[in-house]
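Report on the structure given below.
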Amino acid sequence: MSRVLPQIDLSGLSVEDKKENEYGALTSQKYRYTCVSRQGKPLPDPIEDEPPYYVLLITYLNYLILIIVGHVKDFFGIRFKPKKYADLLEHDGMAPWYNKFESFYIRRMKQKLDDCFARPTCGVPGRLITCIDRDPHDYNKYFTYPGTTSTCLNLSSYNYLGFAQSEGACTDSAIETVEKYGIGTGGPRNVIGTMQLHRETERTIANFIGVEDSILFSMGYATNASLFSSILDKKSLIISDELNHTSIRTGVRLSGCSVKTFPHNNMDALEKLLREQISQGQPRSHRPWKKIVVAVEGLYSMEGTMANLPKLIELKKKYKFYLFVDEAHSIGAIGPRGRGVCDYFGIDPKEVDILMGTLTKSFGAAGGYVSGSQQLIDRLRLDINAQNYAEPIAAPVLAQILSSMRIIMGEINPGEGRERLDRIAFNSRYLRLGLQRLGFIVYGVDDSPVIPLLLFAPAKMPAFSRMLYKRKIAVVVVGYPATPLTSSRVRLCVSSALKKEDIDYLLRHLSEVGDKLFLKFSSGVAGGSLDGKPPRWNIEDVIRETPEDCKNPKFFVGTSATTEPK
Amino acid sequence: MAQNITIEDVINTSHHILEKSLVTAGTYMEKVPGGSIVVRYIKSSHRNDPIRTLLELGLLVFAIRYFTTSRSSVKKKGFVKLTQAEVDDLCEDWEPEPLAVPVDEREQWQLDSIPVNEAAIVAHVKLQGYDNKKMINAATLNFLDLGSNEYIKHEVQKVIRNTGVGACGPPNFYGNQDIHIKLENDLAQFFGSEGCVLYGQDFTTAGSVLPSFLKRGDFVVADANCNLAIQKALQLSRANVYWYKHNDMEDLERIMFALRDDFFKYEKPISRKFIVTEGLFANVGDYPDLNKVIQLKEKFKFRIFLDESLSFGVLGKSGRGLPEHFGIPRSKIDISIASMANAFNSSGAFCIGDKVMSYHQRIGSLAYCFSASLPPYTARATSLALELINKDREYGESPLMSKLHKYSGQLYDSFTNDKKLEKLVIIRSARESSVLHLQIHPDIRLRLGLPLSYTGSGSEMEKRVKKGYSDKFIEALNNEQFLLQSVVNQCLKQGVVVMRPAYSWAQEIAPLVPHLRVSVNVGLSEKEVKEIHKVVSNAIQNVIKDITLEEFETQLEAK
Numbered sequence: 013m014s015r016v017l018p019q020i021d022l023s024g025l026s027v028e029d030k031k032e033n034e035y036g037a038l039t040s041q042k043y044r045y046t047c048v049s050r051q052g053k054p055l056p057d058p059i060e061d062e063p064p065y066y067v068l069l070i071t072y073l074n075y076l077i078l079i080i081v082g083h084v085k086d087f088f089g090i091r092f093k094p095k096k097y098a099d100l101l102e103h104d105g106m107a108p109w110y111n112k113f114e115s116f117y118i119r120r121m122k123q124k125l126d127d128c129f130a131r132p133t134c135g136v137p138g139r140l141i142t143c144i145d146r147d148p149h150d151y152n153k154y155f156t157y158p159g160t161t162s163t164c165l166n167l168s169s170y171n172y173l174g175f176a177q178s179e180g181a182c183t184d185s186a187i188e189t190v191e192k193y194g195i196g197t198g199g200p201r202n203v204i205g206t207m208q209l210h211r212e213t214e215r216t217i218a219n220f221i222g223v224e225d226s227i228l229f230s231m232g233y234a235t236n237a238s239l240f241s242s243i244l245d246k247k248s249l250i251i252s253d254e255l256n257h258t259s260i261r262t263g264v265r266l267s268g269c270s271v272k273t274f275p276h277n278n279m280d281a282l283e284k285l286l287r288e289q290i291s292q293g294q295p296r297s298h299r300p301w302k303k304i305v306v307a308v309e310g311l312y313s314m315e316g317t318m319a320n321l322p323k324l325i326e327l328k329k330k331y332k333f334y335l336f337v338d339e340a341h342s343i344g345a346i347g348p349r350g351r352g353v354c355d356y357f358g359i360d361p362k363e364v365d366i367l368m369g370t371l372t373k374s375f376g377a378a379g380g381y382v383s384g385s386q387q388l389i390d391r392l393r394l395d396i397n398a399q400n401y402a403e404p405i406a407a408p409v410l411a412q413i414l415s416s417m418r419i420i421m422g423e424i425n426p427g428e429g430r431e432r433l434d435r436i437a438f439n440s441r442y443l444r445l446g447l448q449r450l451g452f453i454v455y456g457v458d459d460s461p462v463i464p465l466l467l468f469a470p471a472k473m474p475a476f477s478r479m480l481y482k483r484k485i486a487v488v489v490v491g492y493p494a495t496p497l498t499s500s501r502v503r504l505c506v507s508s509a510l511k512k513e514d515i516d517y518l519l520r521h522l523s524e525v526g527d528k529l530f531l532k533f534s535s536g537v538a539g540g541s542l543d544g545k546p547p548r549w550n551i552e553d554v555i556r557e558t559p560e561d562c563k564n565p566k567f568f569v570g571t572s573a574t575t576e577p578k
Numbered sequence: 072m073a074q075n076i077t078i079e080d081v082i083n084t085s086h087h088i089l090e091k092s093l094v095t096a097g098t099y100m101e102k103v104p105g106g107s108i109v110v111r112y113i114k115s116s117h118r119n120d121p122i123r124t125l126l127e128l129g130l131l132v133f134a135i136r137y138f139t140t141s142r143s144s145v146k147k148k149g150f151v152k153l154t155q156a157e158v159d160d161l162c163e164d165w166e167p168e169p170l171a172v173p174v175d176e177r178e179q180w181q182l183d184s185i186p187v188n189e190a191a192i193v194a195h196v197k198l199q200g201y202d203n204k205k206m207i208n209a210a211t212l213n214f215l216d217l218g219s220n221e222y223i224k225h226e227v228q229k230v231i232r233n234t235g236v237g238a239c240g241p242p243n244f245y246g247n248q249d250i251h252i253k254l255e256n257d258l259a260q261f262f263g264s265e266g267c268v269l270y271g272q273d274f275t276t277a278g279s280v281l282p283s284f285l286k287r288g289d290f291v292v293a294d295a296n297c298n299l300a301i302q303k304a305l306q307l308s309r310a311n312v313y314w315y316k317h318n319d320m321e322d323l324e325r326i327m328f329a330l331r332d333d334f335f336k337y338e339k340p341i342s343r344k345f346i347v348t349e350g351l352f353a354n355v356g357d358y359p360d361l362n363k364v365i366q367l368k369e370k371f372k373f374r375i376f377l378d379e380s381l382s383f384g385v386l387g388k389s390g391r392g393l394p395e396h397f398g399i400p401r402s403k404i405d406i407s408i409a410s411m412a413n414a415f416n417s418s419g420a421f422c423i424g425d426k427v428m429s430y431h432q433r434i435g436s437l438a439y440c441f442s443a444s445l446p447p448y449t450a451r452a453t454s455l456a457l458e459l460i461n462k463d464r465e466y467g468e469s470p471l472m473s474k475l476h477k478y479s480g481q482l483y484d485s486f487t488n489d490k491k492l493e494k495l496v497i498i499r500s501a502r503e504s505s506v507l508h509l510q511i512h513p514d515i516r517l518r519l520g521l522p523l524s525y526t527g528s529g530s531e532m533e534k535r536v537k538k539g540y541s542d543k544f545i546e547a548l549n550n551e552q553f554l555l556q557s558v559v560n561q562c563l564k565q566g567v568v569v570m571r572p573a574y575s576w577a578q579e580i581a582p583l584v585p586h587l588r589v590s591v592n593v594g595l596s597e598k599e600v601k602e603i604h605k606v607v608s609n610a611i612q613n614v615i616k617d618i619t620l621e622e623f624e625t626q627l628e629a630k
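Shown next, in the form of structure tokens:
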């Protein structure tokens, strides 16, 4: 068996099969739901279900055993098997690449579940994803490849609107563009790398979002990492949600400004902090801050929660700070017209000062954008380092962005965009309510296409991932340090490409795995229960009732308080 | 005497109260499993030393208070106490500065002069506003002109037909395809290293790789002219950074000696130490003496971090970068990173080095873990680029590379032998570099009253950034850039695209002045390389030769 990953040839598939594997055809018009705009109404505070105490106890015990065994092994290993631990030891007067403590978690935990991460794939990450099988050896030290593949239902890719396709208008346009514009760029945007296609895409994005102008970047992470250095300095303050993405933190650190954080989505804490900071000013000198930026994310990719935009706008009017919203996961995927959280809440996007987003997710492309007022974008065009030093976004990617955005807007293939939006809304709600009724603890807002399903004990992560992989379902498990210590989870990313029948299949298997791994311990406070008792529905009932029920807000606890049924 | 009695009284009464409450608490405690042991312990200790019970009680209260008061309130020492009404007032009064300083009319030309391409950016380009004319591209970093290659285009189209455009996920979560992993293997094999990790964008790569191996307390000695990506990386890493004079090996050695005597002798455990430099400097176009750097690295037990974004596919007989140029095996370089968007005409960047380092990046490097994989087609394009560079090699020499080397040498010679330019511009770039940086001659700059550098220590920009000024507009800088733009514009009219590299001036800490950048690529003919020199030389003479201070200022006012 080879240690080298085989290259897989997928050309044996007929075009019809390929299309169906990438984007399943809609089986009934019943399986659509048009998301309702909240018309300026804020979301009620989310209710977070707590697991029973013994579950938390077991989780801590899991970590305790891991840490004790790990340290004991390290202690004796370094002394008696120095060859095996050579990576951790100084040699030839040089320090190791990383020290024992820094890498403890990686060596003792992450490596043991490496077979659940970075599964190599091939082909389109659409409705189905083809994973290349591999056999782990010596606790995932290395893998061998038998040369086979498993085609799994894809709940792992950020393919919200199903634009990861190799057939259809977007792909055709990308392929055509290769002919006309090539694939390279030859230098940074401000030097030689700007093409007409860049300007056209920037205008289309601005138009799509509903603001004056926008600016493109070749990588989503880099967008945030380079943005803040151009607008903030050490006399400015940024107030950041504690769960903001690493890219925002990196960008903020590079800008050298002061940082304060507030508890996730806690608007009262934010207001208190704002009052304190505005009245106290800069530390020591007490001079007023030059400017204050509040940074939040539209949709939190690990929580499934949304920024409380209406409340933020209200606070913004009162306290005159600037609002930055990272729409990496929400643009395209959220809102009646797919235009992100502003659309969802029915708020004019011009009220938000900086709208940032990525094009990797809903649009099946790559890169990121920043949009806002003409004045801001003009300044960024000159100052931002990504424009002056980094590679521009390439032409085929631009074609993909343009065509997918035009499909959503209904300019290409009218009706297709609407269908995609309706399907993701339906799929998200169906899966969420189905899971709640089965008794799982899930986090987030009812319309969120990101559905975190809580596992708690870290040992359940590999078990869950492996069991589902055997059942031909690809999921992402996440644990510490990406989440708090006790709340390891599975993150299910819903896509328009999934059919209702796929979600039935998924629910059946999740229900079985949930029973085996003892995961159904919701109390019903966060949804799924009609009578206040812990919901433990039978899977057949769930599949029969939920597709209709999920369209009715009264079955969702989080939002029913403020939304009238349609 | 009387006093003593009262104190005793107080103690006695408090004893009574304490004892009573302890007894009641004790009866409750005994009901809890294991509680009787605790009660017995407290009783016996109280009997032996009643004062101790008080002391322990006091300690307990203090501990509870310490842990319940939030940490933030302890930090709020410097806060001024304000009433609710005062806070309201202050909030109402506060007026923030605008989010971004508007681009004013003096700078507007900078925005307007960004060239816009109407077709593919290859050896010949079409720019908006130049009547559909085919122009010679002497501004591109796509030195091997792989953008014109039909075979690559065709293959890329096939990949898009198989995999779509985006990868739709980070590498650790189903984002890495067989094509990505093949490229990692191809690159590792090409450079003869153990491991390779791909990144989504070139500029963020250094800022992600370096901080994953450098933490507070580690040491870096870096070249003072390193590019902004490296400056940002070192800022993120929080390591101790020492800058040595650009390419000055004596200065490097001096700093390393001093560090050894001051810190390294006594440290335990040993800290991580890096020399950070570039293959071909993005700001200057020259390269370090790698033999000497390696000698120093081995002497002082440092590691080397080399940014080869402009030297991969440029230096060395087969395009393998600076070590090949010096005949040094790649294994001597601990970390090398390079862009795939320059000579390879693709997207993204990569980092090569040993196995342990590569593995650690896959969880410790932020831009790798938290961002999506490259679009699969770009990975294929780079694999093909490597294939083409390796094609028809004779005696280790790649025909593609020898053509590039010939052109680079030709361009360098034509500029450095040009007597008319002698007093007008200076060139610090190396002959092997495919990019020449032309800087206005210091004598002329002196005559025009321009500063030695606009950024770096002691400069006006540094002062403004340190003091936190919002307005970072520097008149002289704007003017000098405009002067160079006039040269660029003249060249554009003659059908040659040269460029004024763009900088984020306020973020740079390396000493910089604006300059012109002229590059060659293999898609041009020998005649066209001559043409580049002729046009650029003429334009420089026209604009800069007899310029006086008055002219300089009036010209600028006219804009």
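Just so you know, the sequences run in chain order A and B. Residue 13 is where the first sequence starts when you use the working numbering, and the numbers rise one by one after that. Residue 72 is where the second sequence starts when you use the working numbering, and the numbers rise one by one after that. Beta carbons: idealized from backbone N, C-alpha and C, even for Gly.
With a threshold of 16 other beta carbon atoms within 10 Å, residue 378 of chain B meets it and is buried.
Any Cβ of chain B closer than 7 Å to the Cβ of residue 523 of chain A would place that residue at the interface, and such an atom is absent.
Within chain B, 272, 273, 410, 412, 418 have C-beta atoms less than 7 Å from the C-beta of residue 403 of chain A, given in sequence order. Distance from the CA atom of residue 442 of chain A to the CA atom of residue 433 of chain A, rounded to whole angstroms, is 14 Å.
Between residue 434 of chain B and residue 79 of chain A, the beta carbon gap of about 18 Å keeps them out of contact (Cβ cut-off 8 Å).
Contacts with chain A at 7 Å (Cβ-Cβ) include residue 211 of chain B.
For residue 232 of chain B, the chain A residues whose C-beta falls within less than 9 Å of its own C-beta are 178, 179, 183, 187, listed in chain order. Where residue 127 of chain B is concerned, the enclosing alpha helix (DSSP H) starts and stops at 121-139. Taking the beta carbon of residue 331 of chain A as reference, the chain B residues within 7 Å of it are 162, listed in sequence order. A direct Cα-to-Cα measurement between residue 418 of chain A and residue 26 of chain A gives close to 28 Å. Within the DSSP secondary-structure output, residue 501 of chain A pairs in a beta bridge with A:466, A:490. Straight across, the Cα-Cα distance linking residue 484 of chain A with residue 162 of chain A is about 7 Å.
Note on residue 132 of chain B: under 16 other CB atoms within 10 angstroms of its CB, so exposed under the neighbour-count rule. Taking all protein chains shown into account, residue 366 of chain B has fewer than 16 neighbouring C-beta atoms within 10 Å of its C-beta and is therefore exposed. Nearest CB-CB separation between residue 245 of chain A and chain B: below the 7 Å threshold. In summary, residue 331 of chain A is buried, with 16 or more beta-carbon neighbours lying within 10 Å of its beta-carbon over all protein chains present. Residue-level contact check: residue 455 of chain B does not touch chain A, since none of the beta carbons of chain A fall below 7 Å from its beta carbon.
Under the DSSP definition of a beta bridge, residue 588 of chain B partners with B:508, B:570.
Neighbours of residue 582 of chain B across chain A, judged by C-beta separation under 8 Å, do not exist; the nearest C-beta is about 17 Å away. Taking 7 Å as the threshold, the shortest C-beta distance from residue 561 of chain B to chain A does not fall below it. Residue 343 of chain B reaches chain A at 107, counting residues in chain order whose Cβ is nearer than 7 Å. For residue 50 of chain A against residue 492 of chain A, the beta-carbon gap comes to about 34 Å, at or over 8 Å, which does not count as contact.
Within chain B, the residues 573, 574, 575 have their CB atoms less than 7 Å from the CB of residue 400 of chain A, given in chain order. Residues of the segment 192-205 of chain B whose Cβ lies closer than 9 Å to any Cβ of chain A, in chain order: 192, 193, 196, 199. Cβ atoms of residue 346 of chain B and residue 375 of chain B come within 8 Å of each other, at about 5 Å.
It is roughly 36 Å from the alpha-carbon of residue 574 of chain B to the alpha-carbon of residue 292 of chain A. Non-local beta-carbon contacts of residue 491 of chain B in its own chain, meaning distances under 7 Å to residues more than five positions away in sequence, involve 608, 612 in chain order. Residue 139 of chain A and residue 438 of chain A have their C-alpha atoms some 15 Å from each other. For residue 207 of chain A, the residues of chain B that pass the 9 Å Cβ criterion are 187, 188, 189, 190, 191, 192, in the order they occur in the chain.
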